[in-house]
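Visitor: Here it is, the structure, as structure tokens.
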Amino acid sequence: MARFTKNSDRDYDVVLLGATGFTGRFAAMHLAEIDRDLKWAIAGRSGAKLTKLAEELRLKTSQNPDVIPVEFTTQSLDALAMQTRCLVATVGPFPQHGVLVFKSCAENGTHYVDINGETPSVLELIKAYEDTAKSTGAMMIPSCGVGSLPADLLTCLMVEKVKETFDCPTSAGLISVHDSRVQASGGTLNGLVTSVSSYGLRNILKAGKPWALSPIRPARPQADESRNVSKDIIERLKLGTLGFGMTGTHDQAIVQRTWGLLQQAEHSGLTSTSYGPNFDFRSVQQYPSVVHGWAFWLLVWVMTIFPAILPPVKWLIKLLVPPGSGPSEQERQKNFIEYRGVAIADLKEDAQDFQGNPLLQRGVQARLRYNGDSYVFSGMMAVEAAMILLDSGEDCVAHKLGGGILTPATLGQPLADRLRTAGVQIEVEAL
Numbered sequence: 001m002a003r004f005t006k007n008s009d010r011d012y013d014v015v016l017l018g019a020t021g022f023t024g025r026f027a028a029m030h031l032a033e034i035d036r037d038l039k040w041a042i043a044g045r046s047g048a049k050l051t052k053l054a055e056e057l058r059l060k061t062s063q064n065p066d067v068i069p070v071e072f073t074t075q076s077l078d079a080l081a082m083q084t085r086c087l088v089a090t091v092g093p094f095p096q097h098g099v100l101v102f103k104s105c106a107e108n109g110t111h112y113v114d115i116n117g118e119t120p121s122v123l124e125l126i127k128a129y130e131d132t133a134k135s136t137g138a139m140m141i142p143s144c145g146v147g148s149l150p151a152d153l154l155t156c157l158m159v160e161k162v163k164e165t166f167d168c169p170t171s172a173g174l175i176s177v178h179d180s181r182v183q184a185s186g187g188t189l190n191g192l193v194t195s196v197s198s199y200g201l202r203n204i205l206k207a208g209k210p211w212a213l214s215p216i217r218p219a220r221p222q223a224d225e226s227r228n229v230s231k232d233i234i235e236r237l238k239l240g241t242l243g244f245g246m247t248g249t250h251d252q253a254i255v256q257r258t259w260g261l262l263q264q265a266e267h268s269g270l271t272s273t274s275y276g277p278n279f280d281f282r283s284v285q286q287y288p289s290v291v292h293g294w295a296f297w298l299l300v301w302v303m304t305i306f307p308a309i310l311p312p313v314k315w316l317i318k319l320l321v322p323p324g325s326g327p328s329e330q331e332r333q334k335n336f337i338e339y340r341g342v343a344i345a346d347l348k349e350d351a352q353d354f355q356g357n358p359l360l361q362r363g364v365q366a367r368l369r370y371n372g373d374s375y376v377f378s379g380m381m382a383v384e385a386a387m388i389l390l391d392s393g394e395d396c397v398a399h400k401l402g403g404g405i406l407t408p409a410t411l412g413q414p415l416a417d418r419l420r421t422a423g424v425q426i427e428v429e430a431l
């Protein structure tokens, strides 16, 4: 293990690794536009590309970040991790390049944020580096992009609203991608078609099981279907026909890890923010019809399995849609994504309102919308998450836990406040 250097004594507040990639460039621009006296740098494999990006940032924002070329070796990444208080990683593909970066940050006590939305890799990282990160004090938060920060944060905000309104825990949460206009980047498509060869189908299925990422499991033997969000509420809120979500499996895994972390933290007396013992969660997507939902599910599985059976398909996709490519600026300006959420209060069966009427299926609803491209959104969210990790004065669960592999929701209300300031619409209200 590398020698641990005191975090506050480092050269930089933030280093953005993978800055010249498709999402990395948006993260760099957002970092440059933050009105804050940050010491920061951009890092990656190509010194020439980094220098060109730094010049673009200087011309557009007057910011002039340092440039750090790195090799993806243990020695080079350890040296990089020891230079910065927090590292934001937008590098990919994650199985090839991300694991060593994560390891160096965990061993050197470097706070860490990434946009990795691959559940098998997060499961492997938890098993390998959870104890290390706790021992060095590294607060490490994967999945701070579209998969799965919006679902995790919105669920957290709804649970808090349930407590505030009904003075009780939450029994069920549901997040839906209600409407969107998005296009996939080359990195996203290549990550999808190489997932089986990277992790193996068995590990993908294992990571997709309920509570796979949670440090603990619920005491109940199985989910109580009667506590799920009812069809009546789904129809009343006009959530539409719900089905398979592109980030649904990972959203569920991250939200359930948040549940486990908060249950443990409350049991230890660190917080009082747990979701409750009966909590369950689903992440879905709205479709025009059931047929559309099944067709999309089938398409995703074909793109996942087929390249593993016929490797030339994988290389053809990589040739046609290379990593680093993505929608044009003109296309990105038309894009948006909107989430809707519902959380059900875990009320006693005999609970009544002030008129004596039974309080069944009461809860809160939420909405999160970003008018812009999902990759710009991912870059912005990762940077904003890093800003909270840097500020020890922020009142959030992450700082109370002090180290380990955490989740976006452990940044709580401070993260919601920063995203609102950055232009994200977030609304939570009682049903």
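Once you know that position 226 of the sequence shown is 226 in this note's numbering, the rest is easy, because the numbers rise by one and skip nothing. For each residue, glycine too, the CB sits at the ideal point set by N, CA and C. These numbers were taken from a predicted model, which means no experiment stands behind them.
#1: If we ignore side chains and look at the alpha-carbon of each, how far apart do R418 and G402 end up?
#2: For T421 and L213, I'd like the C-alpha separation in whole angstroms.
#3: Could you check what DSSP says for D13 in three-state terms: helix, strand or coil?
#4: By how many angstroms is the C-alpha of T258 removed from the C-alpha of A430?
#5: The beta strand (DSSP E) with A330 in it runs from where to where?
#6: Please classify K103 as buried or exposed, where buried requires at least 16 other C-beta atoms within 10 Å of its C-beta.
#7: Can you give me the start and stop residues for the alpha helix (DSSP H) that W259 sits inside?
#8: For the candidate residues L390, M387, A409 and A386, whose alpha-carbon lies nearest to that of V397?
#9: Report yes if the C-beta distance between L299 and V229 is below 8 angstroms; otherwise report no.
#10: Apart from the five residues just before and just after D9, which ones in its own chain have a Cβ nearer than 6 angstroms to its Cβ?
#11: Verify whether the separation of the beta carbon atoms of T304 and V196 is less than 8 angstroms.
#12: Any contact between the region 237-247 and the region 108-115? By contact I mean 3 or more CB pairs, one from each, below 8 angstroms.
#13: Of all the alpha helix (DSSP H) runs that stay within the bounds of the region 28-73, which reach a length of 4 or more residues?
#14: Can you grab the Cα-Cα spacing for the pair Q413 / M139, in whole Å?
#15: Check this for me: beta carbons of I344 and S176, under 8 angstroms apart or not?
#16: Work out the CA separation of A265 and D346 for me, nearest whole Å.
#17: For V376, which residues from the same chain have a beta carbon less than 6 angstroms from its beta carbon, with the 5 sequence-adjacent residues on both sides left out?
#18: Report yes or no: do the region 275-293 and the region 242-260 share at least 3 C-beta pairs separated by less than 8 angstroms?
#19: Alpha carbon to alpha carbon, how far is L123 from D131? Give it in angstroms, no decimals.
#20: Can you confirm whether L154, when its beta carbon is compared against all beta carbons of chain C, has any partner nearer than 8 angstroms?
#21: So the alpha helix (DSSP H) I216 belongs to, where does it begin and stop?
#22: Please state whether DSSP places E427 in a helix, a strand or coil.
#23: DSSP three-state label for F336, please.
#24: Which residues share a DSSP beta bridge with I474?
#25: Taking Q63 and A32 to be in contact with their CB atoms under 8 angstroms, please state how far apart those CB atoms are, rounded to whole angstroms.
Guide: So, from the listed chains and residues:
#1: 21 angstroms
#2: Near 31 angstroms, if we compare the C-alpha coordinates of L213 and T421.
#3: DSSP places D13 in the strand class (E or B) of the three-state scheme.
#4: Going from the Cα of A430 to the Cα of T258 covers about 22 angstroms.
#5: Correcting the residue type first, residue 330 is Gln in the shown sequence and not Ala. Q330 -> not in any beta strand (DSSP E); alpha helix (DSSP H) instead, spanning E329 to R332.
#6: buried
#7: G248 to H267
#8: A409
#9: no
#10: none
#11: yes
#12: no
#13: 47-61
#14: 17 angstroms
#15: No, they are not a contact pair.
#16: The alpha-carbon separation between D346 and A265 amounts to approximately 20 angstroms.
#17: Answer for V376: F26, listed in chain order.
#18: yes
#19: 14 angstroms
#20: The structure shown contains no chain C; it holds only a single protein chain.
#21: Neither: I216 is in no alpha helix (DSSP H) and is coded neither H nor E.
#22: strand
#23: strand
#24: Nothing about residue 474 can be reported from this structure: the residues present for the chain run from 1 to 431 only.
#25: Q63 to A32, Cβ: 4 angstroms. Contact.
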